[in-house]
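Here is the structure we will look at.
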Amino acid sequence: MKNKTLYFSRFCSPRALSLAVIVALAAAPLQQATASAFQLKENSAKALGRAFAGSAAAPDDAAVVVNNPAAMSEVDRAIFQADLTGVQFSTKFSGSGSDALGRPLSGGDGGDGGVTKPIPALYYITPLSDAWRLGFALSAPYGFETDYDRGWVGRYSAYKSMFQSVDLTAAASYRFSDTLSFGASLVAQRTKAELTQAIDFGAILAGAGAPVLPQSQDGFGRVDGDDWGWGWGVGLLWKPTGQDRIGVNFHSQVVHKLSGSASFQVPAAVTAISPALGNAVFIDTPGTAGFTTPANATASWWRSFNDRFSLGADVGYTRWSTFNQLVVDYANPAQPSTIENFDWQDTWFGSVGMEYRFNPTWVLRGGFAVDGTPTHVSTRTPRVPDGTRRWLTVGLGYTPSDSMAFDLGYGHIFVSDAQISTSTATGDRLSGSYDSSGNLLGASAQFRF
């Protein structure tokens, strides 16, 4: 234990440690966004029922404004559609940690770090002529939140993590022929993030040679930021036969420069020992960070075998490898710009789904999907305890007339156990695994004019 104390004290100055902690605190909310599982597909209760199979090709869903604007060409009169999906996500940690001196970290397992949140979406499509269609949408393509019990064993890695993107979309489609249509969209995206965590000031003081032990003087830090960015999308819809539809859609990346603030709570005993802590560093300061939501593409197939049975599939690709590093700039000159390196990998999503129509009024849906994760043990944190996800979904549709339709969709998400082995700038380590799962319940109402 004595040798560990000497090593820690010799090579870690108070300023270097404080800056390192600020770097980790500022970078983390952006890291939590960069996970494939948090690319929200829950923009349609109808599509949820079939695990989003045929999302860019299946008929009678106004969510094509964002999923494939070319498919708006199939709309013959104005449509308004409102969707609301409740997402209940559960994630529980099992493991242990140690501080900079190798002693066990105190605290519990954090409880259930998952939360329950609603995801709304609104769509409107109107014909302009025989060939042209115009559409508008409000949707949430990215979002996630975790929140752990105060004082838990991983408090130096994370308390609350929140990330959210909201898109305002305007789209148009043009039908070249009865079998081929093209669509394009313009997207205004607002992204915001928030992170909180405990700071081990005891470790910082111990590193400076003060007679203080790690874990004895906990502080608190919070970072938040937001920004508007612009993106675009294009899509094609091809009907090679009277029964088949093939849709292809591409969404561009959206570049952001998040602007916000960092705030800190430093124990009075810490400032009394080292006046710089809480006066020169670890003081409230504005900050900025570049961040980009990734480009993604989807290919869909949908086949109507007869008036009752239809089958479809989706293949999706998200370019998470865009994230190699993150640069964080601070307004406080005592806190220099820093670089955080990433090691994300591109991901694939695949699904199959079906619809069975009992009669013109009622339809049953079902589907299965697999969604990969870009995270792995070396980069995974408690903010993003993500693993490969497998979806099993069902849905029910009710169409009382040709001017209105109502849909319900339910899905359960099975998440592979996620191993974690991470350390903080103050030398606190956390190792273990996460057991996660999710439940989705969506409802929609569609009206035609």
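Just remember that the numbering used here sits 1118 ahead of the position in the sequence shown, which is counted from 1.
For each residue, glycine too, the CB sits at the ideal point set by N, CA and C.
Values in this document were obtained by computation on a predicted structure and should not be read as measured data.
Close Cβ partners of R1168 (< 6 Å) along its chain, the five nearest in sequence each way excluded: Excluding positions up to five away in sequence, the list reads G1471, R1483 and G1485.
Own chain partners of K1310 with C-beta closer than 6 Å, once the 5 adjacent residues on each side are dropped: Q1282 and D1344.
Own chain partners of N1450 with C-beta closer than 7 Å, once the 5 adjacent residues on each side are dropped: Counting only Cβ-Cβ distances below 7 Å, and skipping sequence neighbours, we find I1401 and T1403.
Opening and closing residue of the alpha helix (DSSP H) in which G1167 lies: From DSSP, the alpha helix (DSSP H) with G1167 extends over A1163 to G1167.
Any 3 or more C-beta pairs closer than 8 Å across the segment 1155-1167 and the segment 1352-1360: Cβ pair count under 8 Å is below three, so no.
Identity of the residue in L1559, T1416 and W1480 nearest V1366 by Cα: Checked all of L1559, T1416 and W1480; the closest Cα to V1366 is T1416.
Contiguous beta strand (DSSP E) assignments of at least 3 residues, all confined to the segment 1229-1297: Those beta strand (DSSP E) runs which fall completely within the segment 1229-1297 and span 3+ residues are 1234-1245, 1250-1265 and 1278-1293.
Cβ neighbours of H1374 in the same chain (closer than 6 Å, five flanking residues each side left out): Answer for H1374: T1309, D1345, G1347 and F1409, listed in chain order.
Classification of S1422 by the beta-carbon crowding that lies within 10 angstroms, buried from 16 upward: That one is buried.
Terminal residues of the alpha helix (DSSP H) in which G1325 lies: F1319 to G1325 is the extent of the alpha helix (DSSP H) around G1325.
Residues near S1439 in its chain [Cβ-Cβ closer than 7 Å; skip 5 each side]: Only W1462, Q1463 and D1464 meet the Cβ criterion.
Range covered by the beta strand (DSSP E) that runs through V1372: Run containing V1372: V1372 to Q1383, per the beta strand (DSSP E) assignment.
C-alpha distance - S1247 paired with T1542, whole-angstrom precision: Cα to Cα, the separation comes out at about 59 Å.
Nearest to P1245 (by Cα), restricted to the options S1191, L1219, S1377 and V1182: The candidate whose alpha carbon is nearest that of P1245 is S1191.
Residues near D1267 by beta carbon distance below 7 Å, same chain, minus five either side: Annotation for D1267: G1226, G1228 and G1229 place their beta carbon closer than 7 Å to its own, counting only its chain and skipping 5 residues before and after.
Backbone secondary structure at E1160 - three-state DSSP: In the displayed model, E1160 falls within coil according to three-state DSSP, outside both helix and strand.
Check whether I1317 and G1339 have beta carbons under 9 Å apart: Yes, they are a contact pair.
Same chain only: Cβ atoms within 6 Å of L1304, ignoring 5 sequence neighbours per side: Cβ neighbours of L1304 within its own chain (closer than 6 Å, five residues either side excluded): A1288 and W1350.
Three-state class that DSSP yields for N1442 in the structure shown: It is coil, neither helix nor strand.
Distance between P1393 and G1272 (C-alpha atoms, nearest Å): Between the C-alpha atoms of G1272 and P1393 there is a straight-line separation of about 27 Å.
Among L1323, F1368 and S1418, nearest to K1357 - alpha-carbon criterion: Closest option to K1357, Cα to Cα, is S1418.
Delimiting residues of the alpha helix (DSSP H) encompassing N1185: Residues V1182 to N1185.
Euclidean distance between Cα positions of P1518 and T1479: It is roughly 6 Å from the alpha-carbon of P1518 to the alpha-carbon of T1479.
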